[in-house]
Amino acid sequence: MDAVADALLDPWRTGIGLRALAEVALVGALGGALGFWVLRYRLVYGAESLAHGLLPGLVLAAVTGLPLVAGAALGIVVAAVLLALAAGEERTGPDTATAIVVTGLIGAGGLLAFARAVPARLGDLLFGDPLAVGASELAATAAVVLAAVAALVILDRPLTAVAFDPVGAPALGVRPAAVRLALLVLLAATVAVGARGLGNLLVLAALVAPAVAVERHARTPATAMAAGALVAVAAGVAGLYASYHAEIAAGGAVALALCAAAAIGRLTPRRAPAR
Amino acid sequence: MSGTARTPEGAAGRAPVEARGLTVGYGGRAVLEDVTFAAGPAETVAILGPNGGGKTTLLRALLGELVPLAGSVHLARPVACVAQSDRTRLDFPVSALDVALMGALARGRWWRRPGRSDREAARAALERVGLGAEADARFGALSGGQRRRVLLARALVQDAQVLLLDEPFAGVDQASAQRIVALFAELRAEGRTLLVTTHDIEGARAFDRVLCLNRRQVCFGPPGECLGRAALEATYGSEIVVLEDEGGPTRAITVQHHDR
Chain Y
13 MDAVADALLD PWRTGIGLRA LAEVALVGAL GGALGFWVLR YRLVYGAESL AHGLLPGLVL
73 AAVTGLPLVA GAALGIVVAA VLLALAAGEE RTGPDTATAI VVTGLIGAGG LLAFARAVPA
133 RLGDLLFGDP LAVGASELAA TAAVVLAAVA ALVILDRPLT AVAFDPVGAP ALGVRPAAVR
193 LALLVLLAAT VAVGARGLGN LLVLAALVAP AVAVERHART PATAMAAGAL VAVAAGVAGL
253 YASYHAEIAA GGAVALALCA AAAIGRLTPR RAPAR
Chain D
350 MSGTARTPEG AAGRAPVEAR GLTVGYGGRA VLEDVTFAAG PAETVAILGP NGGGKTTLLR
410 ALLGELVPLA GSVHLARPVA CVAQSDRTRL DFPVSALDVA LMGALARGRW WRRPGRSDRE
470 AARAALERVG LGAEADARFG ALSGGQRRRV LLARALVQDA QVLLLDEPFA GVDQASAQRI
530 VALFAELRAE GRTLLVTTHD IEGARAFDRV LCLNRRQVCF GPPGECLGRA ALEATYGSEI
590 VVLEDEGGPT RAITVQHHDR
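Each protein sequence line maps, in turn, to chains Y and D. Residue numbering for the first sequence follows my numbering, beginning at 13 and increasing consecutively. Residue numbering for the second sequence follows my numbering, beginning at 350 and increasing consecutively.
Listed below in structure tokens is the structure:
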């Protein structure tokens, strides 16, 4: 019995473990809830592009000693501007232009990382390390998550109206472009704070996988968001346990647990359809 | 629904819906040219035309989604828009009541949860379209006709002066079609203006006015004027089949070409 209790409690007996738990739970709760809208507004490719494109910001922060969250925020602003330009590139095609911008940004990030002595290893920036999250970074994550969750609650009705009927929404007094912009800002904020713990390559898992896990089973947007958040937190905790006991990388373990949750959710039979 | 067409001028001196010399299109290329018409209070207008003729484009221009390349439009607010229901997301997890409740967004205060009065208005609207018992049913699980009626219930909750309806009879069962026609008559009697795009030429005879479009305005006027053979052939070309009687065209049907 004691062995079981130790196995369950040992990962959280240190400040490092507790902060990792809080970071993964916070990012998971926001990503799991926001992911419902990311899927519904078909923003997965955009989210992936933003997340991957912020690498130079992360590396610059690591080089200059700035907080990585600040670097991620800077990187995401630069990436967002370049991606917006790529989206309007009709001669090349938006998808092709986006791919070029993203690979260019990753290349620039790699160049910076290898050109200078970067305190944080490039691997940590790419794949994240929740065990390295400091108290101030955790506080920043908590503040962003609280603000973003409040925004999701406030924006619930416009988000629903536009996602359900983008053609009819303007006549309801809802501006689809403004709603999409608000969603993109929330997405950017989530990626910026999530990249610290999960890395810019794996943060997408927190945004997409929980929503995929629950989307066939939820009856309302609110239940989809709540269930997505719960799944994300549970998968995050499972990933940290796996990381601790199997002595594997925490970021990768959390991302794999999230993807496993997505697979389980997709394979679980749907309840009898509602009338 | 048919009856004496009122003057298109509203009480304030301007018709609730008006287009003057309207030319509109996409990417600077005109797809609908030179449209001039007006619809007054308590007036119903059927908008006819082939696929690609500009019916939906006209509604989008009226709503302000498309900026006119030439001419002007005026649309009195509040306005309700019932888009073709196949443009809504059928897999979106909302109930019929949730959809009707979206109409309350038009009253502003989008950041607040719907209140009791909003819920009562939504339930009353669903009752009015004959779907009170389906309030908790998932929208995507309803039939095409029921979905159309739920979207009409959303428009009722909006309490709009003008209703724009894009092909409300397409793919609709007979019971739903009858219910929708009866509702149109009620809304007209309440003084509301209805613009309805449709492929149902015979059904258009019940409207106060008919607007025929084929990338330009072919005809605008009473059904007797715009549903004659010449106007219909100019509107539909080879898509029209006119079944003639001795007294002239009595019935006309459109032949849909889905490759357009």
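For each residue, glycine too, the CB sits at the ideal point set by N, CA and C.
For residue j and residue i, the rounded distance between their alpha carbons
i: residue 548 of chain D; j: residue 525 of chain D; result: 16 Å
i: residue 229 of chain Y; j: residue 203 of chain Y; result: 26 Å
i: residue 201 of chain Y; j: residue 29 of chain Y; result: 24 Å
i: residue 208 of chain Y; j: residue 225 of chain Y; result: 24 Å
i: residue 97 of chain Y; j: residue 493 of chain D; result: 40 Å
i: residue 91 of chain Y; j: residue 69 of chain Y; result: 9 Å
i: residue 247 of chain Y; j: residue 389 of chain D; result: 60 Å
i: residue 227 of chain Y; j: residue 584 of chain D; result: 45 Å
i: residue 472 of chain D; j: residue 464 of chain D; result: 13 Å
i: residue 239 of chain Y; j: residue 510 of chain D; result: 40 Å
i: residue 467 of chain D; j: residue 409 of chain D; result: 28 Å
i: residue 328 of chain D; j: residue 425 of chain D; result: A question about residue 328 of chain D goes unanswered here, because the residues of chain D that appear run from 350 up to 609.
i: residue 545 of chain D; j: residue 51 of chain Y; result: 33 Å
i: residue 512 of chain D; j: residue 431 of chain D; result: 8 Å
i: residue 352 of chain D; j: residue 523 of chain D; result: In this prediction, residue 352 of chain D has a pLDDT of 38, which is less than 50 and means its spatial position is unreliable; what the coordinates show is noted afterwards. Their Cα atoms are separated by approximately 23 Å.
i: residue 423 of chain D; j: residue 158 of chain Y; result: 43 Å
i: residue 249 of chain Y; j: residue 118 of chain Y; result: 29 Å
i: residue 488 of chain D; j: residue 536 of chain D; result: 24 Å
i: residue 358 of chain D; j: residue 391 of chain D; result: In this predicted model, residue 358 of chain D has a pLDDT of only 44, less than 50, meaning its place in the structure is not dependable; the value taken from the coordinates is given anyway. Straight-line Cα distance between these residues: approximately 11 Å.
Paired residues, beta bridge with residue i - DSSP
i: residue 429 of chain D; result: D/512
i: residue 375 of chain D; result: D/378
i: residue 423 of chain D; result: D/367
i: residue 396 of chain D; result: D/546, D/560
Residue of the options minimising C-alpha distance to residue i
i: residue 476 of chain D; options: D/575, D/441, D/500; result: D/500
i: residue 188 of chain Y; options: Y/46, Y/38, Y/53; result: Y/53
i: residue 172 of chain Y; options: D/365, D/460, D/553; result: D/460
i: residue 66 of chain Y; options: Y/137, Y/105, Y/22, Y/51; result: Y/137
i: residue 94 of chain Y; options: Y/40, Y/113, Y/259, Y/153; result: Y/113
i: residue 147 of chain Y; options: Y/106, Y/118, Y/213, Y/34; result: Y/34
i: residue 107 of chain Y; options: Y/60, Y/231, Y/133, Y/75; result: Y/60
i: residue 232 of chain Y; options: D/413, D/440, D/370, D/371; result: D/440
i: residue 582 of chain D; options: D/397, D/542, D/529; result: D/397
i: residue 185 of chain Y; options: D/362, D/414, D/402; result: D/414
i: residue 198 of chain Y; options: Y/210, Y/234, Y/166, Y/32; result: Y/166
i: residue 73 of chain Y; options: Y/141, Y/87, Y/140; result: Y/87
i: residue 554 of chain D; options: D/574, D/447, D/478; result: D/574
Where the alpha helix (DSSP H) containing residue i begins and where it ends
i: residue 28 of chain Y; result: 27-52
i: residue 179 of chain Y; result: Where residue 179 of chain Y is concerned, there is no enclosing alpha helix (DSSP H), given that its DSSP letter is neither H nor E.
i: residue 500 of chain D; result: 493-507
i: residue 146 of chain Y; result: Here residue 146 of chain Y belongs to no alpha helix (DSSP H), and DSSP marks it neither H nor E.
i: residue 441 of chain D; result: Where residue 441 of chain D is concerned, there is no enclosing alpha helix (DSSP H), given that its DSSP letter is neither H nor E.
i: residue 209 of chain Y; result: 188-226
i: residue 126 of chain Y; result: 106-127
Three-state secondary structure (DSSP) of residue i
i: residue 352 of chain D; result: Because residue 352 of chain D carries a pLDDT of 38, less than 50, the predicted location of this residue cannot be relied on, and the following value inherits that uncertainty. Of the three classes helix, strand and coil, the one that applies to residue 352 of chain D here is coil, per DSSP.
i: residue 560 of chain D; result: strand
i: residue 258 of chain Y; result: helix
i: residue 385 of chain D; result: strand
i: residue 607 of chain D; result: Interpretation of residue 607 of chain D is limited by its pLDDT of 48, a score under 50 that renders its predicted location unreliable; no figure is taken from the coordinates.
i: residue 487 of chain D; result: strand
i: residue 64 of chain Y; result: helix
i: residue 362 of chain D; result: coil
i: residue 280 of chain Y; result: coil
i: residue 24 of chain Y; result: helix
First through last residue of the beta strand (DSSP E) which encompasses residue i
i: residue 570 of chain D; result: 566-570
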